[in-house]
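Asker:
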Amino acid sequence: MITNLSGRIREARKHIGLSASEAADLAGLTRKSWERYELDKNEPKASSLAVLVDNGIDASWLLTGRGSMLRSEVQDQARVIDADLLRMILEEIESYRSQNNRTWDISEAARVIVLSYEMLQAERERGIEPSPRNLSLLLQAANL
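The sequence shown stops at residue 144 when you use full-length UniProt numbering, and every number in between is there.
(1) Where does the unbroken alpha helix (DSSP H) through residue 25 begin, and where does it stop?
(2) Inspect the beta-carbon positions of residue 71 and residue 54 and report whether they are closer than 8 Å.
(3) Would residue 137 be called buried (16 or more neighbouring beta carbons within 10 Å of its own) or exposed?
(4) Which residue from 117, 67, 140, 114 puts its Cα closest to that of residue 100?
(5) Taking the alpha helix (DSSP H) that residue 43 belongs to, which residues open and close that run?
(6) With distance defined between alpha-carbon atoms, name the residue in 62, 114, 27, 41 nearest to residue 11.
(7) Bridge partners of residue 70, per DSSP?
(8) Shortest alpha-carbon distance to residue 43 belongs to which of 22, 104, 110?
(9) Compute the beta-carbon to beta-carbon distance between residue 23 and residue 47, rounded to the nearest angstrom, for a pair I have assumed lies under 8 Å.
(10) Apart from the five residues just before and just after residue 40, which ones in its own chain have a Cβ nearer than 7 Å to its Cβ?
(11) Just how far apart, CA to CA, sit residue 15 and residue 2?
(12) Using three-state DSSP, classify residue 126 as helix, strand or coil.
(13) Could you name the residues of the same chain whose beta carbon sits closer than 8 Å to that of residue 36, not counting the 5 residues immediately before and after it, in chain order?
(14) From residue 123 to residue 134, what distance separates their C-alpha atoms?
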């Protein structure tokens, strides 16, 4: 079992058949920047991790190491993830973290991502358009 995020990033990239250069291009980074994520020298941006998730890697496994590396077809059918909603959450978390000069524990971040997603999905089901403002309030409460 791979115990750190950098190792899971490298393993996921290799599994989906991307070189470090290809992954970097998809994430809008230099190859060197991507390699620094894999060497645990830089903390990855959420938008960079989304490249792996968009290619079939399970977000929960990527962040926590628990469960299966790949999303199963059953998971995909049982629970369709709204990629735009997830992207909004990841961008808002990254923005909040950057603006507030915060470091974060990956396990706590994973929990906040799940809570954020569930909260915004519940709002959508009630006919309320998901809003970064409501997400901001959740992040402040979580004190990420």
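C-beta atoms are modelled at their ideal positions from N, C-alpha and C, and glycine is treated no differently.
Answerer: For this structure:
(1) 20–27
(2) no
(3) exposed
(4) 140
(5) Residue 43 -> no alpha helix (DSSP H), and no H or E assigned at all.
(6) 62
(7) 57
(8) 104
(9) Not quite, the Cβ-Cβ distance comes to about 12 Å (not below 8 Å), so this is no contact.
(10) 4, 6
(11) 14 Å
(12) coil
(13) 42
(14) 10 Å
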